[in-house]
Structure formats: C-alpha cells, structure tokens
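Asks: Protein chains in written order, with our numbering: chain F, 2 to 462; chain G, 55 to 1038.
My questions will all concern the structure given below.
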Amino acid sequence: MYKTDVRGPLILGDKNYRQISDDVIAPINQPIPGWWKVAFFIALLMAIFGVLALYQTVAVGLGTWGVNNSVGWGWEIINFVWWIGIGHAGTAFSIFLLILRQKWRTSINRAAEAMTVVAVMCAAIFPAIHMGRVWLAFFIFPYPNTRGSLWVNFNSPLFWDFIAISAYLLISASFWYFGMVPDFATIRDKATSKIKKAVYGFFAFGWTGSSREWLRYEALSYVLGGIAAVLVVSVHSIVSTDFAVSVIPGWHTTVFPPYFVVGAIFSGFAMVMTLMIIIRKMYKFQEYVTDSHLNAIAKILVFVSLIMGTAYATEVFIGWYSGSEYEMFTFFKNRVTGDYAFQFWAMVICNAFIPQLFWFKKVRQNLTIAFIISIFINIGMWYERFNILITSLSKDYLPSSWTTYSPTWVEIGIYIGTLGLFTMGVLLFFKYIPMIAISEVKSVLKVTSVNTNDQKHMSHE
Amino acid sequence: MEKKYWKSTEELNNQVVPDYNENLIPEGKNLLDLIDEEIAQKPSSRRNFLKFCGFSFATAAIASSCENPVKKAIPYLNKPEDVTPGMASHYATSYFDGSEYNSILVKVRDGRPIKIEGNTLSDVTKGGTTARVQASVLSLYDGLSRHKSPMKKGADTNWASADAEISASLRTISAAGGTIVLLTSNIISPATKKLIEEFKAAFPGVRQVVYDPVSASGILMANRDCYGQAVIPDYLFDKAEVIASFSADFLGTWLSPVEYTARYAQSRNLTNGEKKLSYHIQFETGLTITGSKADKRVPVKPSEEAGLLLQLYNEIAAKAGQATAPAGATHEAITALAGRLWESKGKSLVVSGSNDPNQQIMVNAINQLLENNGATIGFETPLLTRQAIDNEMEELVGQMNAGSIGELILWNVNPVYDYYKPEAFISGIGKVKLTVSFNPVMDETQEYVDYILPSHHFLESWDDAEPKRGFFSLSQPTIRPLFSTRQPQESLMKWMGKEGDYYSYLKNFWMTDILKAGETEWKTTLQGGVFQKETPAATAVTLNTAIVAPAAQALSASKKSDSIEISLYQNLSMGNGMHTNNPWLMELPDPVSKICWDNFASLSQETAKALGVTAGNVLNINGLEVPVFLQPGQAGGTISIALGYGHTRFGKVADGVGVNVYPLATYENGTLRLYNAAAKVEMTDREYQLATTQMHGSMEGRPIVRETVLGSYLESPDAGNELHAEFEKKHVTLYKETEYKGHHWAMAIDLNACTGCSACVIACQAENNIPVVGKEEVMKTRIMHWIRIDRYYAGDEKNPEVVFQPLMCQHCDNAPCENVCPVSATNHSSEGLNQMAYNRCIGTKYCINNCPYKVRRFNWFRYATNQKFDYNMNDDLSRMVLNPDVTVRERGVVEKCSLCVQRIQEKKLLAKTENRPLQDGEILPACAQGCPSKAIVFGDLNDPQSRVSQLFKDPRNYHLLEELHTLPKVGYLTLVRNSDENKA
C-alpha cells in the first residue's frame, strides 16, 4: 500500500524494533548530559527574570510597561501572537501530514507536539498578564453569577480568543499525551528502577498493548485529530480577528484569518526545523530525523514563504486599492516608509526573501545555513506582529494622538522569561519523554525495510 | 364515666409505647452530669481543651486581622434644616486672586467645597470661568504649603502674642513718625478699601503701595493723561466689527479674559441667525490663543509695535484729515487694516497689551480718530481689577534700601519671586524694622519676613468685590477655616483696636454704603452673590490731544532692533505664578505648544537655526538656563518665555519646575516691561526634554477640523462641510437601528466659539476626580484628562493658521469600543451614553486600541494614595476635593468622559421629584458649565426644540471621522474665518 521507491527509506541504519526502542529511550535512561544542565540552568535564570518582571507588573501596575494611552498593546500581544504561531507546528504537523498521508512525519511529530504544548502555555501567559486587573481575569469565563444578567460579551474577539486558545491547548495537550501512552508503556516495561516503573506506569494508564487497546487508541487519535484539525485553523483565525474586527487602519482587513494561519504554520515549521536540527545533533538521531526530513520541512517553508510574500503584497495592494487615506497612510507612510520602515522591511526580507534560498538543494542540505534561515524566519515573524500592532496603533486616525512606543525592561523581561520557560519545557521533554513516537516509527520501519529488499531484488533483475 | 381521649391506638389499648428516643437524658440525671461523665471518659481531656482553645484563639486572631479597618462617620443627631447628606449646596462667592476676578458658585458636598462653577447671575463673567478659577478649589486643600498657624521668625506663635507685638510696634513706629507700608496686590474690595483708609487714619504714617508683577500701568497712565481717569475702560468686543490687537492676549490672560471671551464669541457667533462675523487681526510675538483665533495674525518683534502703531495712526489720521505724526513703519498689513478700520468707523476696536504709556496713548488716539469711544470703548463701567502703578513699587524699593521704611506688611504679594530685581528687594527688606506677610501659603518672600500671619483661603473668607465700577459681588465662606488662619482685614481691625469681626464690618458696610437697605436685601444679595448699581449715564470722554504728539515723537525714536528680543508672557495655567503649586494647573497643557510641567524658550525655526540650537537644547539667557522649543508662528528674532515657573520655596509641585524669568523683565519710562532686548543669549551643551501631550501638529489633509471662510459660508452654509451630507447619504446598516425612546443625549461644539482656553479641561478634572500623573508619565503619553484640546497647524510654518478642537468621548451610537470588550464593561445606555462600569473592567485595553478618537484613558498605576504620585490624591486633606458622586478609579481600569452622567442623573431626579419635564439646558456637564464662550452645548436629541437638536441640524454641523460610521453623538460646527481670502 505504501511505496517508497522515490522517497527512499524513512529510517536509516537498518534498525530493528528493539534497536528503535533502545535508541529512543536511551536519553531517558542515560545520566543527564552536561550541556543539558548548563542549558537548563540558563533557561531557569531566564525564567526567574521573567517571574521578576511579572511580579513587577502585578505588584506595581501595567505602567511599568512602555504601552500608553494610544498604543494600548505592545510587546505582550506581539509575543502572544508569536508564541501562538509557533504553537501551531505540532498539531499542524500531526494532523495535516496525517491527512496527506505523509508518513515521514512520524519521527518528528512528537517533538513538534511537545513544542506546541509548551509554546501555547507560554502564549497563554500574555493575555492574562496584559490585563490591568489580572486578579479579575475570571470575569472572562461565562460562568453563572449572582450579578443579575451580567454575562460576557459574546461579540468580543477577546472572548473568542479565550475560548479558542483554551480549546486548542486542551486538545493539543490531550492529543500529545494520548499519543505517548504506548511509549510510556514501553519505557515502563524497560525500566529497571522502581520509581521510574511507577511513574511511567502511572502515565501509561495500564497499557498492555492488546489489539482492543490499539483499536481504541486509533479511534481516539482520529477523534482528537479531527477536532484538532479544525482548531489548528480556527485558533489563529480567531487570534487574527482581534485585529480584523477592529476599525484601526492596517487591522481592519479581511485577509487576516488565512494570512495569520499560514503565518503561524510558517513560524511553527521554522521552529520545528530549529528544534529538530538541535535534537538530531545533540541526541544523534540522524538515522530517525534524516536529511530528507529536513529537506521536506525546507520545501514546505519555501512554499509557505511564497504565500507570506503574496499576503504582504496583497495587504499593501489593498491598502492602496481601498482608496482610504488612513489605510494609505498606514501602509505607505508608516510601514513601507516612515518611522517603522526598518521593522517592515525586516519582516519582508526575513519571511519572504531569505527563505527563497531553500530553492537551492545545497542550501537545504547545509544544516548550518538551514538553521540560520529558520532563526531568521522566527525573527521575521516576530517583526510581522510588531508591524501589525505598533505601526497601526501608533499612528491611527487623529494625528493629535500619534505617539511612539518602546518597551521597558519589564516587557522584555517577560519575553525573556517565556523563552526560558519554553527552553525549560523542551529540555524536560528531551529528558523525560521519548522524543520520537516509538510505536509510530516502528510502523514505518516495517514498510521501508521491505521496500529496501524489494529494491535490491529489482536491481538484480 | 369520664370520657377518654386518646391519640393513638396504642394508647387506646393501653399498650406500652416503646421509647424510641434513647438519647434522652436518663431519669435522675441532669445534662451537666452527663457531660462530666463524657469528658471524664475521654482520654487526655485537658489536651483536647487546649487544642480547642488554641484553635479558637487562632481563628479569632485571623478573623480579626482579616477585617478591614472600619472608618466611622458620625451622623447628625438633629438634621440641620438646609443640609441633606449626599445633596450638594451651591454658594455664590467671588474669586479674586489679585488680578483676575470671577463671580462663582461653589458646590459644597457634605461640608466641603469640591467644585467651582461660573455664576450666571453675574453680568461681568456671565457664568464663564478660566482654568485658574476652576483649579483654585484645590489650593484650599493644599495642606503642605498652607500655613497652619501664625509664625514668628520661622517658629510657631499664637495670634494673641503676635497681635500684641505687632500693634505695639505699629504704635511706636507710627508715633516716631516712621513709615508703615501696606504692600498689597490690586484690591477691589470696597469694604477692605474703607478699612485700609481707617487703618491709615488710626496709624499716621501708613501708606498703601499696590504692586502687580504683571501690571497694566501703561494703560492706566495713558488714560490718566488722555482722559484724566486712571482706569481701564470697558472694551466691547461684541460691538466691534473690526478688532485689531497689538499683543493683547485678551482671550487668554489680558485684563479680564472671561468677560472678553464671552463678548468676542458673540461677535463671532453664526448660530444666532445673524450671518455676521467680526474681523480680527492680531499682531503678536509668541503664538497665543488670541492669535490662533485671529482671522489674520502678523508675527512681530516687540520693538516693532511702536512703529506699527505710528503707521496705523498716520494712515487713519490721513483718512480723517488730521495732522500726522512722525513716520513709523511701512507694513502692508497696517495699510490694509487702516482701510478696514476706517470703513467700520465707530464699530471697530484697537487694543494693545503693551505696558508703554506712549503706545497706549497712540492706541487711544487711534480709537479717538475711529470714533470708537462711547461705541466700542466704554468709560461708564471701567475695569477696576488693575490699579498698580509700577513706579510706586520702584520708589518703595528705593526707600526700603535707604532704610526709611519702618514696617512692611505684605498682603498677597511675593516680590522676592516676581519682582524684576529680587536682590534689591531682599536687601531692602533687611533694612525694614518689622515685616509681616499675610500670605496663606509659604512663598519665597516669607523667608525674609518676621511675622507670617496666614490669611484664609478665599473659600474660607468673607469679602466683597467691585471688579467694575457699579458691579459689586460678595464672597462668603464655604467651609470653616481648616487651619488657624485669619483674614488680614481682621488683623488690621485688631491692631486698630476695632471691635467686632470682619463679617459684621462687611455686612454693616454693605447695608449702609452699598445696598442702603436692610437684612432681607443683604441675604438676597448674598444668595445671588452679585449686586449691580444703576449704570451711570454715558459720559463723553474727550481725549487730551496735546499729549499725542509728544508720545508719537517718543515712539518714533524707538526703532525695530536687530538683536534677539525676549518676550515674557503669562500662560493660561500659571498666570503670574501665584497658582504654580496647583498640580491641576501644572499638568494643564498649554493649548498652543501642548507642553506642561515646564516653561521653555519658544523660538522660530529660523531663529533657532541662526543661534545654532534645536529642540531639546538649552539656552543660557542672562544666566538663566531655558530649554528650547521650536514654535511655529513665533516671530523671527524673538524668544518667548512663560512667567510663573521656577519657584524655589512655594510647595512640592512648584519647586524646581521651570525657570523664573521675572529677572529678565526691564523697567523703562516709569513702567515695567515684560520684554528684554539686551539679554545675552548663549547656547549650552545641556539637553532637556519637555513633556508634550501632542507630538504631531498637522492634520495630514484629513477632514478633522473642517474650516471655511466667511465668503464661502455666506454662499452656502455647508461650505467646507460638504462631506457631511455625503456621508449622511451613505448611512445604511444591516442591523436594526437602536431606538432611543426616552432621552438621547448629545453635545454640540462650536469650533468658532472655542478659544482653546482650557477651562473645560480643569472643570472636567475637578468634577470627575481625574488624577494628576506627573511629567514622566505625561512624556509617556499617559495624561489622564478626559477632555483634551487638540491643536492643528495649517499653512506656512512661519505663520501657521491654528485650529483648536476640544475632544472628549464621542459617545458613538455604533461604538467600536463596546463590541470588543470581552466582559461588557463598556456598553451603551438606553439614553445613548457610552458608559464604563469600572467594577467590571478587567483592563484588556482593547477598547483603547479600537477607539478611533483615542479618548480612553487607562489607569497605569494606582494614582490615589500612592507615594509615587504625590499630587492631590495622596493625603487625606487634598482628597477632600474629590467628588463623591464619581468613583476614584482603581489601577488597571479604563476610564473616559461620561458626559457627566452624575449631573444628568441629578437633574433627572430633580425634575422627577418636582414632577415636571426636564428643561433644555438644565443639565450642564462640567465642561459646558465652565466654558466662557459657551462653545459647548449639551442636550436631548429627542427634543426637536432643544438647542443641541437645532445645532445638529445646522449645515455647519459634522461628526468627527463620520466616514467610519461610528455615529458619534458629539457634533462639531465648522470653523469659519473672516479671512482675507473670502473667495477660497
């Protein structure tokens, strides 16, 4: 049913099932490497700095930030959208590639999903902390209350946002976790220490590997996958309505939902690439995450980059075509030129031009360059959000309220904190959870090994 | 047999009822015994006891410590007849700070004055106010700078011993033939004047010297010479068709701005059916609000003015066939103006803000030639608020230094700060035997005085006023004195040995001298606050023509100088520097420069280039370091700097803010000039940042302020506003439109009437408990004002056209802020108000972003009771000014203009209890109430007869950003200029 004549084997090194289990579980059983400790310590320091910044925000007030009465949102929303975007990769990987029957996803999807969960958690910090009265954040829940008919505003994109993100986090985390159950069972079975057995045993849910369990497992995957597929599209579309529903020039745009979803996938895939290059290198998973995997991601990136370029061009074109002087001003005098031209061109160059290098096979194969490009995309996507937010707010309708915005150490600190949190989460994932979906990889191994033999056979003829 | 009643079959059949209740106390035992047994059976019962004890103590301790401290309010045992807690009373009183007069109503809530409103009964100020008047209520509660008791040489003393010592010394000095000087500000109180006369009689040797740092000596001296009356005539701007002003900022700070603004607005009114507009030309150095409103503005150097006046005189004299004076300048604007003035002879007005008597004589001569006296200039009811003649002070300082002054009593003056030669005054004061200051707050001069006998705040005082001849008004206390202070009048009475208090003196004086009537009239007058004597019949004044020629001769000698000239001016918030310690005024952005918290050197671009400086640099002017600000419209080769800043000993807000530039003033020809042509201007390498509330001055071609010229307006009244009809035509919606069944509140703002004076900004701040945030926060675009005055420049950078636009929440019927709030904290009322539920707000700031007008304000910090914002909400006393009807907002919530919903509700309730419909104009939001030009009209759109409905139908009416279809309920009426380019 599955031919890999063209594609070549998905897993190199003629592995057998036992080897796969051993290879993948190895980091869990081996002692913690030195680089891990150093990285974790640095990430911890970053996270502590972030906590300090959060403390300052809550204890003193949002005044410790650089935002003002014209630019009400700053770094916190930029970073929120950025993290949500990164948090798109995992589910998009698993679901879309599942739908497209891309079996190569099996060695990457676990890491991508882990990244999703951690990134969405990082993202979720921002909408909460950007509130002036975070201690009353529960007002946003549509809970029955004693305040008469007081209800949330179902018209508000922020409420949609809240629902979309919580649903997405819940489904992504469940999808990720249930996918890990058989692997936890594998670790449990192989574990020698009692504690490990108990802990992984707990998370393995008493998995025995019976066919009935596999049946249920598959069914659950499909159900969760089906829901998640919708959510992947909806969550960022809804984040985009935070802007698209408003009246602010540069925000009030119908292109935003698809543009945001594609942008999110773009940044997510870039982050997956960054992460996979590191994992491969650090844990010597080159045989699982092969060059062809990264090649495939690079190809996706170059494709999405073209869509991004088109979206940027569309935005600017519609800005002109609308004939609205406010739109014209925002795009031509405050983005393409003007105070924020650097940020605009940084966005265009990082997202629309630099990824075009992936057209060259040599670039795709040179992991150093690929790694650098993936970082550029992440920077470019950050600038994209900066562009949308700050340029539109700083100079909108009435020139009398035009102003500028620059962040304070507190806002930067919270961002650094989330970077630390993300790194910590990913490092913990490296250490305690099988980075590659053992059971799924095994399923591709069988096919490929047969095919390899077929090829040998055919060559003899 | 006895009949047997039974209640159960068991009982009927005499069966034994089983005892189900085994827990009943067995017979022969009582409850206590049982408990004893129970406890005895328990192991270690003492331990249990201790456990229970410990638990209950801990619970009690936690419970009691969690409780918030209870602040007890003591209710009235017997309710006073006229006091209802929660209901405000209004008392009529008068504001006079030594130069500015205003008849006001003071809103008193639960015994504390909290808001000042204009008194509409007054024929002088007609209900208008200025920012300084509005803010004066706050200085009542300035517990840090106000003196709390009399002081002698820096130490507290008591009134009795101070009185004994001072009256003894007065007697000795007087007996020895020494001079006692009462150095006062302008005094307009007839009762006080009478008292001073009595004081003079009681102590021979007493002399009064009136000192005014920003005097009108020039006009007074000129009129004394021209007409034999040292008064300031009534300038009737409303009757003038052509107004020419030579650096008189009559809408802002010149003489009687509230009165002039109302009259000026009348001559610029297009809503009263008359399609007439006066023509106003302004010659001035720095850009003022008066210059901004002018139809034509000519930037001139101060030294040029004399030449221009001469030229104007000559051209008009030529037309009138009179002898001309020596030639002056040759400015084409003057030639054009002369023609216009001559055409509207008898209906024109020339005024000058100069303090040079010769220039004022020329102005008088011009007005005489134009036959304006008796038409637009009245001498029947002259203005009495300015009396100081500068050379009296000059003489006094000489005498002080010569040691010939025995005692100096300072009354509402602060010469160490605002005299142009402070060293001379300080050295002189050292030679005076005894010095007394009556100032209620600490000031620079008090460092050198022996006794400080603090007076009441004016809201604690009895007084009267005669701002214009025949126009009287009363002042009454609105609160018991907060501190151990005393009115200066009472001190004088004590020292004279006069019985009684000043109140009875005042009442007696009024009943015998002014009202000439009894108790009832006194009470009625006190209630209304004002009293007007019959206006005397018009008396023709004749100009003493003999003095014109010498004056012209003197002026012709002065030529336009080539040096850099410094022009000192009073800005709208600080005035002469008396109110600098008021945080509201300190944070009031100047409507033109939009800068607050500093004074600065305004330079034109070219002058800055010539000097090699740019914005942010600091100039050294005669040793004073002043930051540079590039002001479009500033006359070339000039520097304008505001007075009133740079206090050193005035209070926590004023001290160290800005630079005191009074020492740059010069004394010339018997009067003080706020002008200096000989100052040494040097560049420094210091940098300084000013706090501005508006960083961009151009409208970028957007139809924000719609403007036209009179000619086009007369052709079609919607000139400049064609867009409005276009957008109205496009009004369509998919949704069902909301119907407002009861009221539908709206506000109309006449941009022609608005002068940018900013009284509304402070009125709103006082009414709505708006916090002061400080310079740092203003620089971060976080000023909290709910109403702001947007200022835009158009045209030439050297002499731009300036427009003002007051902007508050537009109360859109399709409000973009409402649908994005996730918790519905901002929503629409059934009466069309966009309202904020502070309790519900979680502070996402989405509404701030989505408001196209950017009128929403966020509480970035806790502004109340926060040491970091130590302005007027940080101590119990200054918090007394807060309006109990308006919530003090917590940190983290969004706030904005509510159209004074508390006032709407108040009047609605009043109408309901009186069982009558609401009257149009009954509800006045704070901004509309205090507006001196009545540019703001509030009312009900559902009432087709209401003024606001009428104005909304005016072809001049438009809504800001109406293309967004937000359907604002604030309308603006286009600005119409009587411009030379009438066919534009």
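Note that CB positions come from ideal geometry on N, CA and C, so glycine has one too.
So, helix, strand or coil for G/Pro-542, using DSSP?
Replies: Helix at G/Pro-542.
Asks: Take the Cβ of G/Tyr-59 as the centre, count every other Cβ of all protein chains shown within 10 Å, and call the residue buried at 16 or more, exposed below.
Replies: Exposed, because fewer than 16 other Cβ atoms sit within 10 Å of the Cβ of G/Tyr-59.
Asks: Consider the Cβ of F/Lys-138: report whether some Cβ of chain G lies at a distance smaller than 8 Å.
Replies: According to the sequence provided, residue 138 of chain F is Ala. The question's Lys does not apply to it. It does: the Cβ of F/Ala-138 has a partner Cβ on chain G nearer than 8 Å.
Asks: When you compare the CB positions of G/Tyr-706 and G/Leu-194, do they come within less than 8 Å of one another, or not?
Replies: Correcting the residue type first, residue 706 of chain G is Lys in the shown sequence and not Tyr. In this structure, G/Leu-194 does not lie closer than 8 Å to G/Lys-706 by Cβ.
Asks: Quick check on the DSSP output: the beta strand (DSSP E) that includes G/Arg-351 runs from which residue to which?
Replies: Taken as a continuous stretch (DSSP letters only), the beta strand (DSSP E) holding G/Arg-351 covers 350-353.
Asks: Using a Cβ-Cβ cutoff of less than 8 Å, which residues in the same chain neighbour F/Leu-278 once the five nearest sequence positions on both sides are dropped?
Replies: First, the residue type needs correcting, since residue 278 of chain F is Ile and not Leu in the sequence shown. The residues are Leu-295, Leu-368, Ala-371, Phe-372, Ser-375.
Asks: Could you check which residue in G/Gln-999, G/Asn-969, G/Cys-954, G/Lys-966 has the C-alpha nearest to that of G/Leu-978?
Replies: Measuring from the Cα of G/Leu-978, the nearest candidate turns out to be G/Cys-954.
Asks: Where does G/Cys-650 fall in DSSP's three states?
Replies: Residue state, collapsed to three classes: strand.
Asks: Kindly say whether G/Val-947, judged by its beta-carbon, lies nearer than 8 Å to any beta-carbon of chain F.
Replies: Yes, because at least one Cβ of chain F sits closer than 8 Å to the Cβ of G/Val-947.
Asks: Quick check: G/Gly-774 and G/Glu-761, are their CB atoms within less than 8 Å of each other?
Replies: It is a contact, given that the beta carbons lie within the stated cut-off.
Asks: Taking 8 Å as the threshold (beta carbon to beta carbon), is G/Asp-844 in contact with chain F?
Replies: Output row for G/Asp-844: interface = yes.
Asks: Are the C-beta atoms of F/Asp-24 and some chain G residue less than 8 Å apart?
Replies: No, F/Asp-24 does not count as interfacial toward chain G.
Asks: Would you list, in chain order, the members of the segment 392-410 of chain F that have their beta-carbon closer than 9 Å to a beta-carbon of chain G?
Replies: Taking 9 Å as the Cβ-Cβ cut-off against chain G, the residues of the segment 392-410 of chain F that qualify are Ser-393, Leu-394, Lys-396, Asp-397, Tyr-398, Leu-399, Pro-400, Ser-401, Ser-402, Trp-403, Thr-404, Thr-405, Tyr-406.
Asks: Under 8 Å between beta-carbons, which chain G residues line up against F/Val-246? List them in chain order, please.
Replies: Those are Asn-873, Val-874, listed as they occur along chain G.
Asks: For F/Glu-465, return the contacting residues in chain G, with the cut-off set at a CB-CB distance below 9 Å.
Replies: What is shown of chain F runs 2 to 462, which leaves residue 465 of chain F out entirely.
Asks: Can you look up G/Lys-552 in the DSSP assignment and give me helix, strand or coil?
Replies: The answer is coil: DSSP assigns G/Lys-552 none of H, G, I, E or B.
Asks: Under 8 Å Cβ-Cβ, which residues of chain F neighbour G/Asn-904?
Replies: Within chain F, the residues near G/Asn-904 are Ser-247, Val-248, Ile-249.
Asks: Identify which residue in G/Glu-782, G/Leu-324, G/Pro-508, G/Val-947 has its Cα closest to the Cα of G/Leu-1021.
Replies: Of the listed residues, the one whose Cα sits closest to G/Leu-1021 is G/Glu-782.
Asks: Hey, G/Ile-463 and G/Val-235 are a contact pair by Cβ (cut 8 Å); roughly how many whole angstroms apart?
Replies: Rounded, the Cβ-Cβ distance is 7 Å, consistent with contact.
Asks: Straight-line CA distance for G/Glu-949 to G/Glu-358?
Replies: Going by the C-alpha atoms only, they are around 49 Å apart.
Asks: Which residues mark the beginning and the end of the alpha helix (DSSP H) in which F/Thr-117 is found?
Replies: Its alpha helix (DSSP H) spans residues 110-130.
Asks: Can you name the residues of chain G whose CB is closer than 8 Å to the CB of F/Val-442?
Replies: Residues of chain G passing the Cβ test: none, with the nearest at roughly 43 Å.
Asks: Could you work out which residue in F/Val-121, F/Gly-51, F/Ala-165, F/Gly-202 is closest to F/Phe-142 when comparing CA atoms only?
Replies: Residue F/Ala-165 is the option with its Cα nearest to F/Phe-142.
Asks: Check for me: the beta strand (DSSP E) holding G/Trp-465 runs from which residue to which?
Replies: Note, G/Trp-465: beta strand (DSSP E), 459-465.
Asks: Determine whether the Cβ of G/Tyr-900 lies closer than 8 Å to any Cβ atom of chain F.
Replies: So, interface residue.
Asks: What residue ranges within the segment 119-174 of chain G form continuous alpha helix (DSSP H) runs of no fewer than 4 residues, ordered along the chain?
Replies: Within the segment 119-174 of chain G, no complete alpha helix (DSSP H) run reaches 4 residues.
Asks: Using 8 Å for Cβ pairs, my map puts F/Pro-250 next to F/Tyr-327. What's the rounded Cβ distance?
Replies: Contact flag correct, Cβ pair sits at about 4 Å.
Asks: Taking contact to mean 3 or more Cβ pairs, one atom from each stretch, closer than 8 Å, check whether the segment 31-46 of chain F and the segment 201-212 of chain F are in contact.
Replies: No, because fewer than three Cβ pairs between the segment 31-46 of chain F and the segment 201-212 of chain F fall closer than 8 Å, the two stretches do not touch.
Asks: Quick one: what does DSSP say F/Lys-4 is sitting in, helix, strand or coil?
Replies: Bear in mind that the predicted position of F/Lys-4 carries a pLDDT of just 47, short of 50, making it too unreliable to give a figure here.
Asks: Let me know the secondary structure DSSP gives G/Asp-867 once reduced to three states.
Replies: The answer is coil: DSSP assigns G/Asp-867 none of H, G, I, E or B.
Asks: Going along chain G in order, which residues have a C-beta closer than 7 Å to the C-beta of F/Trp-74?
Replies: Per Cβ cutoff of 7 Å: Lys-899, Asn-903.
Asks: Applying the criterion that 16 or more other CB atoms from any shown protein chain within 10 Å of the CB defines a buried residue, is G/Asp-739 buried or exposed?
Replies: The residue in question, G/Asp-739, is exposed, as its Cβ has fewer than 16 Cβ neighbours within 10 Å.
Asks: Any beta carbon of chain F sitting closer than 8 Å to that of G/Pro-645?
Replies: So no, G/Pro-645 is outside the interface.
Asks: Since G/Glu-855 sits in a beta bridge, which residues does DSSP pair it with?
Replies: G/Ala-848, per the DSSP bridge assignment.
Asks: From the DSSP output, in three-state form, read off F/Phe-270 for me.
Replies: Helix, per DSSP.
Asks: Measure the alpha-carbon distance for G/Pro-717 versus G/Gly-670 and round it to whole angstroms.
Replies: Straight-line Cα distance between these residues: approximately 23 Å.
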